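When we follow full-length UniProt numbering, the leftmost residue of the sequence shown carries the number 1, and every step to the right adds one. For every residue, glycine included, the Cβ atom is placed at its ideal position computed from N, Cα and C. In this text, all values refer to a predicted model and were calculated from it rather than measured experimentally.
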Amino acid sequence: MSTLWGGRFQEAASSLMQSFNESFSLDKRLWQEDITASIAHVTMLGDCQIITSEESQLLQSELKKLYQAIEADPALLTGDYEDIHSFVEAKMIEACGDTGKKMHTARSRNDQVTVDMKLYVKKSLADLKVLASQMIQAFQEKGQSVDALMPAYTHLQRAQIVSFSYVLDAYVAMFERDIKKIDQAIDLLDENPLGAGALAGTTYQIDRQQTTDLLGFRAVQRNTLDSVSNRDFIIDALHCFSSLMMHMSRFAEDFIIYSSQEFRFIELSDHFSTGSSMMPQKKNPDALELIRGKSAKVISLLNAMYGTMKGLPLSYNKDMQEDKAIYFEALDTTMACVKILTGVTQELTVNEKRLSETIHEGYLNATELADYLVRKGIPFREAHGIVGQMVLYAIEKDSQLHDLAFDELAQFSAVIEADIYHELNPETILQQGIKKNMLIK
Ligand code: ARG
Numbered sequence: 001m002s003t004l005w006g007g008r009f010q011e012a013a014s015s016l017m018q019s020f021n022e023s024f025s026l027d028k029r030l031w032q033e034d035i036t037a038s039i040a041h042v043t044m045l046g047d048c049q050i051i052t053s054e055e056s057q058l059l060q061s062e063l064k065k066l067y068q069a070i071e072a073d074p075a076l077l078t079g080d081y082e083d084i085h086s087f088v089e090a091k092m093i094e095a096c097g098d099t100g101k102k103m104h105t106a107r108s109r110n111d112q113v114t115v116d117m118k119l120y121v122k123k124s125l126a127d128l129k130v131l132a133s134q135m136i137q138a139f140q141e142k143g144q145s146v147d148a149l150m151p152a153y154t155h156l157q158r159a160q161i162v163s164f165s166y167v168l169d170a171y172v173a174m175f176e177r178d179i180k181k182i183d184q185a186i187d188l189l190d191e192n193p194l195g196a197g198a199l200a201g202t203t204y205q206i207d208r209q210q211t212t213d214l215l216g217f218r219a220v221q222r223n224t225l226d227s228v229s230n231r232d233f234i235i236d237a238l239h240c241f242s243s244l245m246m247h248m249s250r251f252a253e254d255f256i257i258y259s260s261q262e263f264r265f266i267e268l269s270d271h272f273s274t275g276s277s278m279m280p281q282k283k284n285p286d287a288l289e290l291i292r293g294k295s296a297k298v299i300s301l302l303n304a305m306y307g308t309m310k311g312l313p314l315s316y317n318k319d320m321q322e323d324k325a326i327y328f329e330a331l332d333t334t335m336a337c338v339k340i341l342t343g344v345t346q347e348l349t350v351n352e353k354r355l356s357e358t359i360h361e362g363y364l365n366a367t368e369l370a371d372y373l374v375r376k377g378i379p380f381r382e383a384h385g386i387v388g389q390m391v392l393y394a395i396e397k398d399s400q401l402h403d404l405a406f407d408e409l410a411q412f413s414a415v416i417e418a419d420i421y422h423e424l425n426p427e428t429i430l431q432q433g434i435k436k437n438m439l440i441k
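Rendered as structure tokens:
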């Protein structure tokens, strides 16, 4: 393996060590960022007269050629290299001879890898934001297409009536918060570490503002020790992924339950379900179960990154190379889950008939009955007790509150009048007070 170092060594690293140490197999994914940051770096070196403008021009044009060549044929990203930085520099030495050897002036792989990862994380967060917005749109469209009421739950016990679209809107609210988290993560990372060198800057009169502008960062990252040892931006991104996965996993749990024969609230499309090798009748919600399962992994990867960083002394340590395996795995998993959940949501069908039956069972209107008594002058705590007794009576008669005869209802309170049946109606309930919000589509 040809490396960027070796002068102070008498022997090469063992092949065992070489394969243990290499990161090219993973960080080749950073090729665009590595070349882009190198173009900015050599442009700045030329403008600051640290290399000649001819050398700078040559390096810029060869870096652009390399970019185009890899774009046309990604298989070019092969060979026995320690990492993507070694690969790009080797290609420049091949193309430009001694001028290629000047590309790394006033730079270390420590600031280079950090700038590459920042550019990559920034881009991938922007991509994830687009996918998450499409998922939100799918949730909103599904909500608009379904005109059904349903029970909502606490403790998975029937609680009160809501609309189906309002349940989807709860998830939209979660995903909208996740998008804000992504924006915050992008904002926090938006400082340029390039120019920090290995850890303590450089004796060259470099222009960090120029590379900052060329690479589209908001500002220069101030402290060089912090610049090369900072992986907070990866932790922040992993937190965005974990939050999104946690919310998607909760949705998965809800809709796995809703798809069961016991509930039959929804049916998943064949496109996003699987069968059983033995039981012919089975249609399993594997897409949702995998989202729920994979959320555990993404959350663990956030923990893995915290664990990697928590004991590191300043500044760069090789432990940090592990960030790529962690980040790429978490990113790929989250992206895949967002795409799958968008499809699951677009294609699921809602059993409106079944939902319309369910809202008449389970005493979902008990709270509103207590509110009715309150409006007739009974203090809430007392009304709560009266309705509790009415529910108990209905349970014993195997009936629902709205199915009891007027005399049966009226025995519980003198304030009960014939308008009670209107008040117990699910549609009436959702037309009242702030509940009207739940009908918005
Ligand atoms: N492959 C390394 C990483 O990902 C690049 C930085 C190496 N720096 C060093 N001093 N060994 O972290």
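DSSP places residue 2 within a strand segment (E or B) once states are collapsed to three. The C-alpha of residue 153 lies about 5 Å from the C-alpha of residue 159. Residue 228 and residue 66 have their C-alpha atoms roughly 26 Å apart. It is roughly 45 Å from the alpha-carbon of residue 134 to the alpha-carbon of residue 395. The distance from the Cβ of residue 351 to that of residue 218 is about 50 Å, inconsistent with a contact at the 8 Å cut-off.
Here the segment 40-48 lies against the segment 202-222, with 3 or more beta-carbon pairs under 8 Å apart. The Cβ atoms of residue 110 and residue 198 sit closer than 7 Å to each other.
Secondary-structure assignment with DSSP links residue 158 through a beta bridge to 153. Taking the Cα of residue 106 as reference, the smallest distance to any Cα among 87, 145, 40 and 384 is reached at 40.
Look at residue 18: its beta carbon is at least 6 Å from all of the heavy atoms in the ligand ARG. With a cutoff of 6 Å, residue 232 does not count as near the ligand ARG, since its C-beta is closer than that to no heavy atom of the ligand. Between the ligand ARG and residue 107, a heavy atom-to-CB distance of less than 6 Å is absent.
Bridge pairing for residue 350: 266 [DSSP]. In the DSSP assignment, residue 214 falls within the alpha helix (DSSP H) that extends over 208-215. The ligand ARG never approaches residue 15 closely enough for any of its heavy atoms to be under 6 Å from the residue's Cβ. Separation of the CB atoms of residue 92 and residue 62 is rounded to 6 Å, and the pair is thereby assigned contact status at 8 Å.
At the C-beta level, residue 246 and residue 295 come within 7 Å of one another.
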